[in-house]
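First the structure, in the form of structure tokens, and then the observations on it.
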Amino acid sequence: MATTAVPVPGVGERRWWHTVWDWVTTVDHKRIGILYIWTAIFFFCWGGVDALLMRIQLARPESAFLSPQLYNELFTMHGTTMVFLAVMPLNVGLGNYLVPLMLGANDMAYPRLNALSYWLFLFGGLFLSSSYILGGAPDAGWFAYAPLSANGGVLPKTNAMDFWAIGLNLLGIASILGSINFIVTVLNMRAPGMKFNRMPLFVWTQLVTSFLVVFAFPSVTVATIMLFFDRNFGTAFFLPEKGGDPMLWQHLFWFFGHPEVYIMILPPFGIVSEIYPVFSRKPIFGYAFIAYSSIAIGFVGFTVWSHHMFAVGMGPWANAAFSATSLIIAVPTGVKIFNWIATLWSGSLNFKTPLYFAVGFLFLFVIGGISGVMLALPPLDYQMTDSYFVVAHFHYVLFGGAIFALFGGFYYWWPKMFGRMLNERLGLWHFWLMFIGMNLTFMPMHYLGLIGMPRRVYTYEAGIGFDFWNMIETIGAFMIAVSVGIFIWNAIVSQRHGEVAGDDPWDGHTLEWGTTSPPPAHNFDRIPVVRSRRPVWDLKYGEAQEFTAPRDTKAAGTTDEETDAHHGIHLPPPSYYPLVLAFGLFVAAYGLLYIYQGGVWGIVIGLSIASTGIAGIASEAARD
Amino acid sequence: MAQHSAPQADLAHMPHDHAGASVRTYVNIFIVLFVVTAIEVAASWLSDIGVPEWGEIAVLVLLAVVKGILVVAFYMHLRFDSRWFRGLFIAAFCIAVFMVTAFLLLWTYKRTVGGLVV
Amino acid sequence: MAQAVANDHGEHSGPKTHGAPGHPPTSLGLNNRKLGLWTFIGNETLFFTALITTYLVMKPRNIALGGPHPQEFLGITLTAILAFILLMSSLTMVLALAAVERDDQRGTRLWLGATILLGLMFLGGQAYEFNKLWHEEFTTLQITNADGTTERTSVPTHDEAEGIAALQREHPGAQIAPYPNPQEAVKPVTWTTSLFGTTFFTMTGFHGTHVAIGVVWLTIVLIMSFRGAISSRNSLTVELVGLYWHFVDLVWVAIFTLIYLI
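Protein chains in written order, with the numbering used here: chain A, 132 to 755; chain B, 14 to 131; chain C, 1107 to 1368.
Here's what the structure looks like:
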């Protein structure tokens, strides 16, 4: 079967399309992880450009740089892109690359499903973004509040929010399948001795995040399907003039939306939990608390969603209850902060770029957390909701928190992924520019929000106290843009000129540092045997002499022909069927969008292509 | 994980762990399910003979839970299968129950739409 | 000690064959595909929960706005038969699994075929029910009480006069009239004419779609069985479709009670 998928360059000549084909048909978790990361960085930059355009518009009062409509589209797409196409896939990308390595596995549990998740993510992103050239981008906010998003007969019908509703479902399928894959991998693919309480904390947070995706996404799936029905088929779930209830949209959306916040922030928690101990040359303080409190956060995360809706009129009892749960969930998060500080405390700190970002994360995330606790109080929230204070809050959490941790993770693991170090000097420029730019951009938003600047409005009057700080914010935003540019330059240049990393440049202690940089396709030549939470540390400094056990080909139950030169490891052959299946759904999505313009044929064709993909994957899995 | 003490066990045969779930058990469970369904239909008239509405709802929900447990425990083998599957399903079920309850409670707060209290 | 730990987890040797007969031992000793399917069932549980929740929170609103009363249109007889059919299909499904586990090829095919047939019968019954509802009508009424307060309700159009008379007895002195006017007050029970229709058809429609997908999956397994590709060695193939099928049945247990009986 391998022969159908890989055009082996017979005469030894490798053309560029061979490389492309290798990547398109790959089912290797490391390559898929890199695809995820680069695609997500691309969308991160795109969402960043959206933000810069908005900042140019807001730099001066009564500016006419953007039309109100375009501004609406930009803030909607900025939010949607950053949540679904940047932060989530960056987390998934790092997880994809690292979780099997950290567990001592050769790949994810379902390599082809893994590829399918990536292609669905890519096509979902392209589908959403294609709205810009197909009649206008979604324009009702990333939360798509009904009845505005359901087109309550006020505005002429465009396809904009249909792009959003369908696109989110493509991305949702990708996330759900990816999460099932993570769950099975973590539960089932651990190396001998890798008990749950020895798993790296990054793996823990990926596991909890995956459960959150599996249990929270259905709510938004149902909500977006209903939204699509309302917009196209004449139902009235959310349209009050026809009897529907817009509150239902908000509840269904935030029942997903708040766990989504933890879906975005838990893996970054895991990243910094890996960085602190390595760079302070100490074990993590309170491993068990960090691991198990993630589970607690996961569960409690389902009970706080209505704190996004204090001002809509749920009544005092509901507001009080959701305020209480929101304050409770701050406790395990707060204790984690102390865990991290205690890890750094009196450690022998190795101040390299990853640690700069991780400490920056700590600093900024605490600010975001505290403003979050303020917003959890309904009387305060009444004053601050829908103002720039809220914008400041969640950017401190998601930019100062998630993005800083993710960049820290990139500096930390880039040498493992590409075999070369990222430049330290450029890294520090990146960090300081981003750190200062971030605070210039978002710190004044607290103040602007408190003095009454509303969010999601395309301009403001001159002379009411907004002018100066808005200009400062725009300058800060451009500093962030420059810093991201430095990172990308750093990443590209280091590919060729970076210092060769070696297997273990940071004196790490988790299993990924126990293989080569970059790791071979099969990850480990010998099976790691885990005896503690720091298996590679044991190998380097401990008493453990036998780090690995030899592989037993017989135990694998593979036949000789499946067993290649890689020490008896059978890896699934490359496959293009995941791409075919994802492409089929992509076509069907356009069919659904143009359902009244003959789109039924698009659906039929798309689903036929998808069925071919399913059949192909099933037959490959059966032969595997 | 006592049942998996043999590391080389062929996993395709794991379903055999549910010893006791014989054809006879399956048929017996079906008979119980059938009877409970009949009782459910009968119970749906409880409010017509003067039982308060909440009483009828309680009885019907209880009977549905009994049916659900039987299907999950015997037909889906959760009674005999790994505690991981049980835990997964129970976690999902708890969040589901929480969602329904919380939403119903939230919707007891009366609001006015177009002059009508709904 | 370390040796014991290693043994705890078996000779986890990495190569993955994904549930094929040579599936290597896994950390939990569970099959990857089965674990994945259970996770997926957890996901689907919340999917149907969101749909059912939507129906339940919309139900009082539907009635307050003069939508059709569910119990006047949903026949318990038909739905009890449907519930019976699905329960029956769950039985045939486990019998198919029991048959394949003792390598009884004839039994496997017989019971798989029976399950498919029952699934199709369920879908037929649902189509009949949808069609029947689509052709029935309800009349929205506004009751203006003696104290000037108004409320809305509805009666089935085919016995409108009788219904109004009954309402009149319940609300002495009230004025009862079609809302908003006699022409627009009468509507068929479809997907778009009331919140009941909207939520009911969406929810049961998605359930029906799941049944249809189950029928397709079962048919594929049946074809595999006729090709001799199913035996006790890979009974998991039957077990997995069975888990999905029972889950769909389970959803109907909930819908049957929460929507039809209450």
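Even glycine gets a Cβ: it sits at the ideal position worked out from N, Cα and C.
Hey, how far is the Cα of residue i from the Cα of residue j?
i: residue 534/A; j: residue 561/A; result: 13 Å
i: residue 743/A; j: residue 447/A; result: 54 Å
i: residue 1242/C; j: residue 333/A; result: 57 Å
i: residue 343/A; j: residue 1246/C; result: 43 Å
i: residue 629/A; j: residue 557/A; result: 12 Å
i: residue 359/A; j: residue 200/A; result: 21 Å
i: residue 239/A; j: residue 711/A; result: 20 Å
i: residue 451/A; j: residue 509/A; result: 8 Å
i: residue 468/A; j: residue 487/A; result: 16 Å
i: residue 595/A; j: residue 579/A; result: 11 Å
i: residue 438/A; j: residue 113/B; result: 18 Å
i: residue 275/A; j: residue 1178/C; result: 36 Å
i: residue 98/B; j: residue 730/A; result: 41 Å
i: residue 695/A; j: residue 755/A; result: The predicted position of residue 695/A is uncertain, since its pLDDT is 39 and thus under 50; no value can be drawn from it.
i: residue 601/A; j: residue 309/A; result: 40 Å
i: residue 264/A; j: residue 177/A; result: 15 Å
i: residue 1227/C; j: residue 212/A; result: 45 Å
i: residue 559/A; j: residue 484/A; result: 6 Å
i: residue 216/A; j: residue 273/A; result: 12 Å
i: residue 316/A; j: residue 108/B; result: 23 Å
i: residue 311/A; j: residue 1146/C; result: 7 Å
i: residue 1293/C; j: residue 1173/C; result: 9 Å
i: residue 248/A; j: residue 259/A; result: 16 Å
Under 7 Å Cβ to Cβ from residue i, same chain only, skipping five residues before and after it: list those, please.
i: residue 108/A; result: Here chain A comprises residues numbered 132 to 755, so residue 108/A is not present and cannot be evaluated.
i: residue 1325/C; result: 1222
i: residue 296/A; result: 355, 358 and 359
i: residue 194/A; result: 188 and 590
i: residue 117/B; result: none
i: residue 593/A; result: 192 and 193
i: residue 636/A; result: 546 and 552
i: residue 690/A; result: Only weak support is given to the placement of residue 690/A: the predicted model assigns it a pLDDT of 38, under 50, and the question is left unresolved by the model.
Assuming residue i and residue j are in contact, meaning their beta carbons sit under 8 Å apart, how far apart are those beta carbons, in whole angstroms?
i: residue 612/A; j: residue 539/A; result: Not really, about 19 Å apart at Cβ, beyond 8 Å.
i: residue 403/A; j: residue 482/A; result: Their Cβ separation, rounded to whole angstroms, is 15 Å, which puts residue 403/A and residue 482/A out of contact at 8 Å.
i: residue 1331/C; j: residue 1215/C; result: 5 Å
i: residue 719/A; j: residue 737/A; result: 3 Å
i: residue 218/A; j: residue 529/A; result: 6 Å
Compare the beta carbon distance of residue i and residue j with 7 Å and say whether it is the shorter of the two.
i: residue 394/A; j: residue 532/A; result: no
i: residue 158/A; j: residue 706/A; result: yes
i: residue 132/B; j: residue 1186/C; result: Nothing can be reported for residue 132/B: it is not among the residues displayed for chain B, which extend from 14 to 131.
i: residue 553/A; j: residue 545/A; result: yes
i: residue 747/A; j: residue 708/A; result: yes
i: residue 266/A; j: residue 298/A; result: no
i: residue 716/A; j: residue 741/A; result: yes
i: residue 203/A; j: residue 398/A; result: no
i: residue 205/A; j: residue 181/A; result: yes
i: residue 162/A; j: residue 234/A; result: no
i: residue 547/A; j: residue 478/A; result: no
i: residue 460/A; j: residue 435/A; result: yes
i: residue 1244/C; j: residue 1263/C; result: yes
i: residue 507/A; j: residue 424/A; result: no
Spatial neighbours of residue i within its chain, please: C-beta separation below 8 Å, excluding the five flanking residues on both sides.
i: residue 1224/C; result: 1191, 1192, 1194, 1195 and 1198
i: residue 257/A; result: 717
i: residue 513/A; result: 441 and 442
i: residue 1107/C; result: Here residue 1107/C scores only 30 on pLDDT, less than 50, and its place in the model is too uncertain to base an answer on.
In chain order, what residues of the same chain lie with their CB nearer than 6 Å to the CB of residue i, ignoring the 5 residues before and after it?
i: residue 440/A; result: 381
i: residue 1279/C; result: 1252
i: residue 1269/C; result: 1261
Please go through the segment 1199-1271 of chain C and give each complete alpha helix (DSSP H) segment of 4 or more residues, from N-terminal end onward.
1211-1240
Every unbroken alpha helix (DSSP H) inside the segment 448-506 of chain A [4 residues or more]:
484-506
Just to confirm the assignment: which complete alpha helix (DSSP H) runs, minimum length 4, are found wholly within the segment 1273-1316 of chain C?
1288-1291
Segments of 4+ residues assigned as alpha helix (DSSP H) that fall wholly inside the segment 217-295 of chain A
219-234 and 242-260
Any alpha helix (DSSP H) of 4 or more consecutive residues that is wholly inside the segment 545-613 of chain A
555-581
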